[in-house]
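Just so you know, we're using the numbering used here here: the sequence shown kicks off at 17 and counts up by one.
Backbone N, C-alpha and C fix where the C-beta goes; we use that ideal spot for every residue, glycine too.
Heads up: the structure comes next, in structure tokens.
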Amino acid sequence: MKVGLVTYTPEKVEGFDLHVYYSKRADGSVFPAAREMQNDVTCFCDAKAIREDPSIVAVSKNGPALRKNRKINVPFDFVCPTNPEYRAKVLDYVEGLGRENVEGVTLNLYHFPEEEFCVCPRCVKLWRQSGLNWTEWRAQEITSFLKEAKSLVKGAFAVEMFPDPVLAKERFGIDFERIAELVDYFHVPLSARDYLTNYWVDLLARDFVKVLKKPVVVELSAEMLTDQKTDALLKTMAYLSTHNLMGVLLLVHDAENARQVCKYAVNNGAFREWLRKVEFSEMTRIVDEWAKLY
Ligand SMILES: [Zn+2]
């Protein structure tokens, strides 16, 4: 199992095999390509673009896909995925990354906000013209966007998703079967404030490994750690290491944050003894590697 990082700073850290950098983010900020890293591109969530032109937001009968809309529950502000100008802007950015020496591109938030979106006049017209039912039309829109994006990517191509293994197609237009034909691997974020309760991580990891027809990496949050939270995080990683995953990614603020996790694992005798006793051989190997560096 590989171990990797998801970071807000374009720097690699020793002891990790995969490096994902947030190069285009949901608040609308856009950064130059991080060389030799996997560049993570937020596609249709862009709070800044929506502030500048509110007409581009995705809409439903319960109103727009905005965090401030209390009738719905969306974590970000969503642009309508069929907006041709905005779509071209995202694809331009992806094409630009392809001109740099990047490891690859991961797309994030490339889908509809929820099942009832989007009913803007353009989407309704496109849906009627397609002759497909609502679910199939929305899935086809998203898959065709991903196909176009993939054609511009050099290196590894991956996608993130909302961690819903059952209703992804109905809710977001995410068709795992079709998308598996396009990607090198799937990146499943299982974000949380802590992993003191972690049965759901195990549950979702198993479901996604079973459902997705390509390798899977699981992302865990590793920001703002206390000793107790770090201990729970490392034990959750140990349980994940027993599944058939391509890797586990840790979301950190910066390189120092990542080194702290390694040092905590290396210097925690009780944890390393627990790994040996429960026979987590893969996680033992990872911590032994960190011990050579930290
Ligand atoms: Zn629309």
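Cβ-Cβ separation, residue j to residue i (assumed contact under 8 Å), whole Å
{"i": "Phe224", "j": "Val199", "result": "Not quite, the Cβ-Cβ distance comes to about 13 Å (not below 8 Å), so this is no contact."}
{"i": "Ser237", "j": "Phe296", "result": "Not a contact, Cβ separation roughly 21 Å."}
{"i": "Asn124", "j": "Glu52", "result": "Not quite, the Cβ-Cβ distance comes to about 20 Å (not below 8 Å), so this is no contact."}
{"i": "Glu157", "j": "Val22", "result": "About 27 Å; that fails the 8 Å criterion."}
{"i": "Val206", "j": "Glu239", "result": "The sequence as given places Leu at residue 206; Val does not occur at that position. Not a contact, Cβ separation roughly 14 Å."}
{"i": "Gly20", "j": "Leu241", "result": "Actually they are not in contact, since the Cβ atoms of Gly20 and Leu241 sit about 17 Å apart, beyond 8 Å."}
{"i": "Tyr310", "j": "Gly31", "result": "7 Å"}
Nearest neighbour of residue i, chosen from the options [CA to CA]
{"i": "Asp180", "options": "Gly114, Trp150, Lys293 and Leu219", "result": "Leu219"}
{"i": "Asp56", "options": "Val106, Tyr102, Val90 and Ala74", "result": "Val106"}
{"i": "Tyr38", "options": "Val217, Thr58, Lys28 and Glu186", "result": "Thr58"}
{"i": "Met253", "options": "Ile195, Ile158, Val277 and Met240", "result": "Val277"}
{"i": "Ala286", "options": "Val234, Phe60, Val303 and Ala274", "result": "Val303"}
{"i": "Val232", "options": "Thr242, Met262 and Lys226", "result": "Met262"}
{"i": "Arg67", "options": "Ser167, Lys77 and Leu82", "result": "Leu82"}
{"i": "Arg138", "options": "Glu239, Leu265 and Val75", "result": "Val75"}
{"i": "Lys28", "options": "Gln244, His269, Ala221 and Asn99", "result": "His269"}
{"i": "Val175", "options": "Ala196, Ala271 and Val294", "result": "Ala196"}
{"i": "Lys77", "options": "Glu298, Val140, Ala184 and Tyr310", "result": "Val140"}
{"i": "Lys170", "options": "Ala49, Leu309 and Lys18", "result": "Ala49"}
{"i": "Trp230", "options": "Ala172, Ser167 and Lys185", "result": "A quick correction: the sequence has Lys, not Trp, at residue 230. Taking only the C-alpha atoms, the option nearest Lys230 is Ala172."}
{"i": "Tyr255", "options": "Leu168, Val294, Lys166 and Glu30", "result": "Val294"}
{"i": "Thr246", "options": "Arg222, Ala221 and Arg275", "result": "Arg275"}
{"i": "Val121", "options": "Thr159, Gln54 and Tyr24", "result": "Gln54"}
{"i": "Phe178", "options": "Thr213, Asn149 and Ala221", "result": "Ala221"}
{"i": "Thr311", "options": "Gln244, Leu228 and Lys226", "result": "Residue 311 is absent from the structure shown; the chain starts at 17 and stops at 310."}
Cα-Cα separation between residue i and residue j, rounded to whole angstroms
{"i": "Ala327", "j": "Lys163", "result": "Any question about residue 327 goes unanswered here, given that the chain covers just 17 to 310."}
{"i": "Asp62", "j": "Tyr211", "result": "29 Å"}
{"i": "Val316", "j": "His35", "result": "Since the first residue shown for the chain is 17 and the last is 310, residue 316 is missing from the structure and cannot be characterised."}
{"i": "Asp69", "j": "His259", "result": "45 Å"}
{"i": "Pro26", "j": "Val135", "result": "38 Å"}
{"i": "Ala208", "j": "Phe202", "result": "19 Å"}
{"i": "Val46", "j": "Phe60", "result": "13 Å"}
{"i": "Thr300", "j": "Arg292", "result": "7 Å"}
{"i": "Ala248", "j": "Trp216", "result": "13 Å"}
{"i": "Ile88", "j": "Phe133", "result": "11 Å"}
{"i": "Lys279", "j": "Asp191", "result": "40 Å"}
{"i": "Glu272", "j": "Gly147", "result": "53 Å"}
{"i": "Asn284", "j": "Pro97", "result": "47 Å"}
{"i": "Arg86", "j": "Glu130", "result": "14 Å"}
{"i": "Leu228", "j": "Glu193", "result": "7 Å"}
{"i": "Pro100", "j": "Glu289", "result": "56 Å"}
{"i": "Leu226", "j": "Thr159", "result": "The question names Leu, but residue 226 in the sequence shown is Lys. Between Lys226 and Thr159, the C-alpha separation is close to 21 Å."}
{"i": "Glu119", "j": "Tyr24", "result": "16 Å"}
Cβ-based neighbour list, residue i, same chain, cut-off 7 Å, excluding 5 preceding and 5 following
{"i": "Lys64", "result": "Asp43 and Gly44"}
{"i": "Ala281", "result": "Leu250, Phe287, Val303 and Trp306"}
{"i": "Thr151", "result": "Lys185 and Glu186"}
{"i": "Gly114", "result": "Leu168, Val169 and Lys170"}
{"i": "Ala165", "result": "Leu107, Val110 and Leu123"}
{"i": "Lys18", "result": "Asp33, Leu34, Met262 and Gly263"}
{"i": "Phe161", "result": "Pro97, Arg103 and Tyr126"}
{"i": "Glu298", "result": "Met17 and Ser257"}
Residues near residue i in its chain [Cβ-Cβ closer than 6 Å; skip 5 each side]
{"i": "Arg154", "result": "Phe128 and Gly189"}
{"i": "Trp143", "result": "Trp153"}
{"i": "Phe92", "result": "Ala42 and Cys61"}
{"i": "Gly79", "result": "Asn85 and Lys87"}
Closer than 7 Å to chain C by CB, residue i
{"i": "His203", "result": "In the displayed structure, chain C is absent; only one protein chain is listed."}
Beta-carbon contacts of residue i that lie in its chain and below 8 Å, excluding the five residues immediately before and after
{"i": "Tyr102", "result": "Phe60, Asp62, Ala65, Ile72, Val95 and Cys96"}
{"i": "Gln145", "result": "none"}
{"i": "Asn149", "result": "none"}
How would the residue list near ligand 1 read, in chain order, if you kept each one whose beta-carbon is closer than 6 Å to any heavy atom?
-> Selection around ligand 1 by beta-carbon proximity, strictly under 6 Å to any non-hydrogen atom, yields Ala74, Cys96, Thr98, Cys134, Cys136, Arg138 and Cys139 in chain order.
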